[in-house]
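S.K.: The structure's right below; bear with me while I get my questions together.
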Amino acid sequence: PCLKKSGLFGNLSVSGLIAVVIVFGAAAVGHGTELFPWTVAICAMMIGTAREIIKDVEDMEGDSERHTLPMKIGADKARMVAWICTLVAFISMGMPFALDLLPLAYIVFLTPALVYLTMVKAPIVKGEDTKASKFLKRALLYGLLGFTTTGLIPILF
Numbered sequence: 010p011c012l013k014k015s016g017l018f019g020n021l022s023v024s025g026l027i028a029v030v031i032v033f034g035a036a037a038v039g040h041g042t043e044l045f046p047w048t049v050a051i052c053a054m055m056i057g058t059a060r061e062i063i064k065d066v067e068d069m070e071g072d073s074e075r076h077t078l079p080m081k082i083g084a085d086k087a088r089m090v091a092w093i094c095t096l097v098a099f100i101s102m103g104m105p106f107a108l109d110l111l112p113l114a115y116i117v118f119l120t121p122a123l124v125y126l127t128m129v130k131a132p133i134v135k136g137e138d139t140k141a142s143k144f145l146k147r148a149l150l151y152g153l154l155g156f157t158t159t160g161l162i163p164i165l166f
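Count the sequence shown with our numbering and you get residues 10 to 166, in order.
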């Protein structure tokens with residue numbers, strides 16, 4: 010609740026916790042300085058930030074006393090910030106392939122997440138915040154599962 014007064018900084022702080030878990034997990038097994046976990050962390054953080062912003066738009070009526078991003082700049086502009094975060098997430102999800110950190114064939118494991126990231130635009134534009142939030146949650150889930158799978162394949166096979 011105390012971060013509700015912080016606007017975008019509060020959203021980034023909450024979603025940054027997702028990124029910290031990924032980076033610390035990678036560091037715990039000796040991979041904290043490698044680029045791959047950082048791209049995954051950025052992707053997860055951006056999806057989380059987009060979802061936090063959309064959730065704040067949903068909560069605007071109850072947040073009248075708080076200084077959330079939607080309260081500061083309006084619901085439509087906040088949705089556009091969420092969409093920009095989604096685009097950054099989409100790009101960062103593709104970075105491990107563009108930088109040859111993962112074989113291109115592994116993109117199949119991230120396809121569901123990429124699909125949900127593209128599907129979220131329509132509900133954001135239409136103001137269907139609950140639907141947008143669900144799509145972002147699914148994109149995060151399938152993205153993390155996909156990236157985990159790409160990390161396990163070389164170990165298991």
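In this text, a Cβ means the ideal position worked out from N, Cα and C, and glycines have one as well.
What are the boundary residues of the alpha helix (DSSP H) that threonine 158 is part of?
M.R.: Its alpha helix (DSSP H) spans residues 138–165.
S.K.: With DSSP collapsed to three states, give me the class of glutamate 67.
M.R.: Reduced to three states, the DSSP call for glutamate 67 is helix.
S.K.: With burial defined as no fewer than 16 other Cβ atoms inside 10 Å of the residue's Cβ, what is the status of threonine 159: buried or exposed?
M.R.: With 16 or more other Cβ atoms within 10 Å, it is buried.
S.K.: Within its chain, find whatever has a CB closer than 7 Å to the CB of alanine 114; leave out the 5 residues flanking it on each side and keep chain order.
M.R.: Hits under 7 Å: none found.
S.K.: Do threonine 95 and alanine 59 have their CB atoms nearer than 7 Å?
M.R.: Their beta carbons are under 7 Å apart, which means threonine 95 touches alanine 59 by this criterion.
S.K.: Throw me the rounded Cβ distance for the methionine 55 and serine 101 pair, which I believe falls under 8 Å.
M.R.: Their Cβ separation, rounded to whole angstroms, is 6 Å, which keeps methionine 55 and serine 101 in contact under 8 Å.
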